[in-house]
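Novice:
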Amino acid sequence: MIGAPRLLKTLARVVARSRADATSVCAHASTRRVFRFAYGGIHQDLIQEEVSVTVTVRRGRRVGIATVDTLDPPSLGRCVTTALDLAAHAPTQTDLAPLPPSNRLRTRADYDPRTVGLSAVHAVHAIQRLVHVCRGVGAELAGSLLNGEDELAVATSAGTSCYAASTVAGAKLVTMYRALSGYTSGVARRFNRLDLEVLLERALRQCLHRQDPVTLPLGAYEVILEPEAVAELLDWLGSIAFGAKALQERISFLAGRIGEPLMSRELTVYDDATESKTLRMPFDYEGVPKRRVLLIDRGRAAGVVYDSLYAQRVGASSTGHAMWPGEVEGPLPMHLAIRPGRRAAAELIRRCRRGLLIPRVHYVNGLLNPREALMTGLLREGAFLIEHGKLVAPVTTMRFTQSLLEAFRQVRGISRERRAVADPSSGLGCSLVPTLHLGQFHFTGRSSSNQDTA
Amino acid sequence: MPSAIDHRLSHELARSLLRQLLRRGVEYADVRSEHLLHESLVAEDGRVSSISRSESAGVGIRVLLRGSWGFASTPHLTLASLRRAAAQALELAKAAALLNREPRRLAPVEPVKARHVSRCAIDPFKVPLAKKLDDLLWANQELLGPKVIRHATSHMDFYRRVKRFDSTEGAQIEQRVIESGAGLEIVAQQGGEVQTRSVPNSHHGALAQAGYEYVKGLDLVGGAARAQREVLALLRAQPPRAGETTLVLDPTQVVMQLHESCGHPVELDRALGHELSYAGGSFLTPDRLDQFRYGSPQVTIVADATIPGGVGSFGFDDEGVPAQRVELVREGLFVGYLSSRESAARLGRSSGGAMRAESWSVPPLVRMTNVNLEPGKATRDELLRGIKHGYLLSTNKSWSIDDKRLNFQFTTEIGWEITNGALGGIVKNPLYTGLTPQFWGRCTGVGRREDWQLWGIPNCAKGEPMQLMHVGHGASYARFDGVSVAPAR
Chain W
1 MIGAPRLLKT LARVVARSRA DATSVCAHAS TRRVFRFAYG GIHQDLIQEE
51 VSVTVTVRRG RRVGIATVDT LDPPSLGRCV TTALDLAAHA PTQTDLAPLP
101 PSNRLRTRAD YDPRTVGLSA VHAVHAIQRL VHVCRGVGAE LAGSLLNGED
151 ELAVATSAGT SCYAASTVAG AKLVTMYRAL SGYTSGVARR FNRLDLEVLL
201 ERALRQCLHR QDPVTLPLGA YEVILEPEAV AELLDWLGSI AFGAKALQER
251 ISFLAGRIGE PLMSRELTVY DDATESKTLR MPFDYEGVPK RRVLLIDRGR
301 AAGVVYDSLY AQRVGASSTG HAMWPGEVEG PLPMHLAIRP GRRAAAELIR
351 RCRRGLLIPR VHYVNGLLNP REALMTGLLR EGAFLIEHGK LVAPVTTMRF
401 TQSLLEAFRQ VRGISRERRA VADPSSGLGC SLVPTLHLGQ FHFTGRSSSN
451 QDTA
Chain H
1001 MPSAIDHRLS HELARSLLRQ LLRRGVEYAD VRSEHLLHES LVAEDGRVSS
1051 ISRSESAGVG IRVLLRGSWG FASTPHLTLA SLRRAAAQAL ELAKAAALLN
1101 REPRRLAPVE PVKARHVSRC AIDPFKVPLA KKLDDLLWAN QELLGPKVIR
1151 HATSHMDFYR RVKRFDSTEG AQIEQRVIES GAGLEIVAQQ GGEVQTRSVP
1201 NSHHGALAQA GYEYVKGLDL VGGAARAQRE VLALLRAQPP RAGETTLVLD
1251 PTQVVMQLHE SCGHPVELDR ALGHELSYAG GSFLTPDRLD QFRYGSPQVT
1301 IVADATIPGG VGSFGFDDEG VPAQRVELVR EGLFVGYLSS RESAARLGRS
1351 SGGAMRAESW SVPPLVRMTN VNLEPGKATR DELLRGIKHG YLLSTNKSWS
1401 IDDKRLNFQF TTEIGWEITN GALGGIVKNP LYTGLTPQFW GRCTGVGRRE
1451 DWQLWGIPNC AKGEPMQLMH VGHGASYARF DGVSVAPAR
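Chains W and H are the protein sequences, given in the same order. Using my numbering, you'd call the opening residue of the first sequence number 1 and step up by one each time. Using my numbering, you'd call the opening residue of the second sequence number 1001 and step up by one each time.
1. I'd like to know whether the C-beta of H/Pro1297 is nearer than 9 Å to at least one C-beta of chain W.
2. Taking 9 Å as the CB-CB cut-off, is W/Thr457 touching chain H?
3. Which term fits H/Pro1308, buried or exposed, when burial requires 16 or more other beta carbons within 10 angstroms of its beta carbon?
4. Just to make sure I have the definition right: I need the residues of chain W whose C-beta is within less than 8 Å of the C-beta of H/Arg1047. Which are they?
5. Please list the terminal residues of the continuous alpha helix (DSSP H) segment that includes H/Val1299.
6. Quick one: is H/Arg957 near chain W, going by C-beta distance under 9 Å?
7. Roughly how many angstroms lie between the CA atoms of H/Ile1005 and W/Leu86, to the nearest whole one?
8. I need the boundaries of the alpha helix (DSSP H) containing W/Leu130, first residue and last residue.
9. What does H/Gln1190 pair with, by DSSP beta-bridge criteria?
10. Can you give me the start and stop residues for the alpha helix (DSSP H) that W/Tyr310 sits inside?
11. Can you give me the Cβ contacts of H/Asp1481 inside the same chain, cut-off strictly under 7 Å, excluding the 5 residues immediately before and after it?
12. Let me see if you follow: with CB-CB separation under 9 Å, is W/Phe35 close to chain H or not?
13. How far does the beta strand (DSSP E) with W/Phe35 in it reach, from first residue to last?
14. How about H/Val1194: is its C-beta nearer than 9 Å to some C-beta of chain W?
15. From the beta carbon of W/Gln451, is the nearest beta carbon of chain H less than 9 Å away?
16. Within its chain, find whatever has a CB closer than 8 Å to the CB of W/Gly256; leave out the 5 residues flanking it on each side and keep chain order.
17. Can you give the Cα-Cα distance for H/Asn1100 and H/Ser1068, rounded to whole angstroms?
18. Can you list, in chain order, the stretches of the beta strand (DSSP E) that have 3 or more residues and sit fully within the stretch 387-412 of chain W?
19. May I have the straight-line CA-CA distance separating W/Ser52 from W/Ser426, to the nearest angstrom?
20. For the alpha helix (DSSP H) that contains W/Gln248, what are its first and last residues?
21. By the three-class DSSP mapping on this structure, what secondary structure does W/Arg342 have?
22. Closer than 8 Å is the cut-off here; do at least three beta carbon pairs connect the stretch 1251-1265 of chain H with the stretch 1164-1177 of chain H?
23. If distances are taken between C-alpha atoms only, which option among H/Ala1130, H/Trp1440, H/Glu1260 comes closest to H/Arg1537?
24. Taking 9 Å as the CB-CB limit, is H/Met1001 close to chain W?
25. Quick one, which residues of the stretch 1230-1251 of chain H are near chain B if we go by CB-CB under 9 Å, in chain order?
26. Going along the stretch 1447-1470 of chain H in order, which residues come within less than 7 Å of chain W, judged by CB to CB distance?
27. Would you mind giving the Cβ-Cβ distance between W/Leu378 and W/His388, rounded to the nearest angstrom? I have them listed as a contact below 8 Å.
28. Quick one, which residues of the stretch 421-439 of chain W are near chain H if we go by CB-CB under 7 Å, in chain order?
29. On the three-state DSSP scale, how would you describe H/Ser1054?
30. Based on the DSSP secondary-structure assignment, which residues constitute the bridge partners of W/Ala142?
31. I'd like the list of long-range same chain contacts for H/Ser1049, defined as Cβ closer than 7 Å, with 5 residues on each side in sequence excluded.
32. How about H/Val1311 and H/Glu1179: do their beta carbons lie closer than 9 Å?
33. Measure from the alpha carbon of H/Val1371 to the alpha carbon of each residue in H/Leu1136, H/Leu1468, H/Gly1222, H/Asp1304, then state which is nearest.
34. Our contact map puts W/Leu254 next to W/Ala322 with C-beta atoms below 8 Å; I'd like the distance itself, whole angstroms only.
35. Note down, in chain order, each residue of its chain lying with its Cβ closer than 6 Å to the Cβ of H/Val1485, except the 5 sequence neighbours on either side.
36. Report buried or exposed for W/Gln44, applying the criterion of at least 16 other Cβ atoms within 10 angstroms of its Cβ.
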């Protein structure tokens, strides 16, 4: 761990060294230890230690951005010189927001030294126990187990000086039994909150069946989407619709429709990086405190997230959703959430007459027609046919092609339980989502093992 | 920015580290140091929106101890940091050995002392920034004009990567690679209709191991006029008719089809179950090698890491195995995998030289090199001839495939109707879907070498932590019968 004093002091020196009219420096240091395993063996393990420092300078209305991945002072000095040099050659920007007002914040509230200090042997023993349980019931196990830490800091010539340290632990488990497989993932700030046994039990429940999977006719089905499936679809909505850039370019389905009913009244979607149950992030990459933003309010289009540039264009203020400097995707939500409902998840299944239980979706793509949120993707592990409120048979892989706007107009139930879903091996975001019962989802293709010959 | 020299780990230091690791009892170890410089220039709606340069340098240490792997990396090139990373790698390997019953074995490779430098006529980092921005803005401004144009983006990317590789077997390899790429994207919107055109390819696919001469050859300004014309036409176009029909894919879409339905399923680590917790497995399991009919006799697919210009080319992979041309599908028969020393040893074969790491901070995985559809003899018009009704599709828009790489669905940015062998009007939102072996089994024609194009995919995701790799794909036109087509709506 670098620590707040050293990291902020380093960033302050970079700001002081720059002779630019305005300077901001953003740093992210992270460590990840990952074990990947399959069929009773660990085939990959690694410790990845990285730090990335990006310097953004302004000379008048010219901007230059440079990045290095070290805190070594000579390299940081050269990084400042490069940014100044790029700015000197850059054309004048007509569209430039002032640096956000000073914000000073230090937090280690989500840092757990025991999670970082977990020994490799302890982690392997945890995997060993899971493998043992699986083998005991005749199942095979694959997956990954991760722990690590993040330090995020922002300093600017406008006086901002922010630092947040956090730890993270995550697991993905794929269980395999005869022709079936199950999947679950878990994420927490503390390793001891992962509850690997509960995760394994959930994955095993999906695959420990004697019944072979059935191939269903294509068409529309009611679906019960469990949190991992909901999170994947919601993430796509975030990237195609809930950022200010997509709205201003009129690609978002919210464009021209703010205030209009677009989804079921049951559905409220928001972004909130400060909620205790998510993987919190107190400020964005401009050092602006994260704000809760209502995106869909009881079915009505409510708003999008902003950074300082996109906010200035419409006379609004930043909501704390700036991405890493140099990214051109514009502000994006990283902590999407759906307001919980009143029913238990198990009750949603009981109320389903004929439909599919979908624990996760695979390889979703939301670029088909963003104005309608048309997406495609596939079932993967653990999908079951539900009849009269009971799970009756596992089903073979099917592809859906579905407008999410259309699907989210037909919400039949939302669970009161929510789960944090994140992939800490590839980013800092996290979704906090319930199980959803939707009236209709269109299945348009299948991959059947008896069809895989030419 | 500093020169790459400043940050390279010397072979002497690497060798000293490797000697220490041998004393600690490793069966094998390698030390890979890398320095990457990336310049990214972006213009949006007639103005430069981002000029950035990033530099990354560090060392990855991989050990094989008690039959188990351990890997650790550090950006700090001090002896103390390197020793700490080496100790961490050893600790991981020892811990993994508590679980592993089968020791990992490596297929043999002749260790070499070698140097590889990619071809580059005009070093993009020596081209004045003002010249690059001029070219970028000129093309960007050509995209603008009509009110329905909502967004116009142009980009350039330049990479310079210097790697050093040393192993306990005695390999000492240095490689220097320069890549250049550029492209345009235009978005038009009218009412509820949003259409996109990207030239010369979507998803930053115009990327090559080359210098600025590659960017100049792309003719972005000429491409901008075509992109604008086509995106406006798409706003008024009809969608394709739903049903089974004949498709001709142009090279920009064939490469995405190759990537998803051939490149990934022939990764041997995936076929052995190593990616089950992330992107899934493969229908091309080892028992199908040399047995399974993947496609029609027209279909020959190779992984070729030796092609000049391909972003999947190199002198040696990240295990020190020389670049190779490996047959994956020969006249329709599945005959080969992309492989590493460990995965190849599991099949009793030699490594196909496909171990690649995104950066110094992560271990190498089995990755695509340049996965190419070998050219046939037909001109595009010869492929169209005889088609009563069908579509020519170009430029990938969306992609999705199942966890065994069987059921796929693609949409493209644009299509043209084919009637009685002749190209007709533009169609919007074309979508096609199928099952990999059936689809390639119905390949009834492959275009000639003269129309063969080599593209790059700079964001091929795999692994945990996710690694984004630059991979290459070459293809000409290809024709497929009996394909299920529909409008994306």
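Note that beta-carbon positions come from the ideal geometry of N, C-alpha and C, so glycine has one too. Keep in mind the model is a prediction, meaning the values are calculated, not measured.
Specialist: Put simply:
1. no
2. In this structure chain W extends from 1 to 454, so residue 457 of chain W is not present and cannot be described.
3. exposed
4. Pro91, Gln93, Thr94, Asp95
5. Per DSSP, H/Val1299 belongs to no alpha helix (DSSP H) and is neither H nor E.
6. Since the first residue shown for chain H is 1001 and the last is 1489, residue 957 of chain H is missing from the structure and cannot be characterised.
7. No answer about H/Ile1005 holds up, because its pLDDT of 37 lies below 50 and its placement is not dependable.
8. 120-136
9. H/Glu1193
10. 308-313
11. Thr1246, Arg1442, Thr1444
12. Chain H contact via Cβ: present.
13. 22-38
14. So, interface residue.
15. Residue confidence is low: W/Gln451 scores 41 on pLDDT, short of 50, so the model does not pin down where it sits. No coordinate-derived value is stated.
16. Arg250.
17. 7 Å
18. 390-394, 398-403
19. Rounded to the nearest whole angstrom, the C-alpha separation of W/Ser52 and W/Ser426 is 15 Å.
20. 244-248
21. W/Arg342 falls in the coil class under three-state DSSP.
22. no
23. With chain H covering 1001 to 1489 only, the question about residue 1537 of chain H has no answer from this structure.
24. Interpretation of H/Met1001 is limited by its pLDDT of 42, a score under 50 that renders its predicted location unreliable; no figure is taken from the coordinates.
25. In summary, chain B is missing from the structure at hand, where the protein chains are W and H.
26. Glu1464, Pro1465, Met1466
27. Actually they do not touch by this definition, with Cβ atoms about 26 Å apart.
28. Ser425, Ser426
29. strand
30. Per DSSP, W/Ala38, W/Val174.
31. Val1042, Ala1043
32. yes
33. H/Asp1304
34. About 20 Å; that fails the 8 Å criterion.
35. Pro1240, Thr1245, Tyr1432
36. buried
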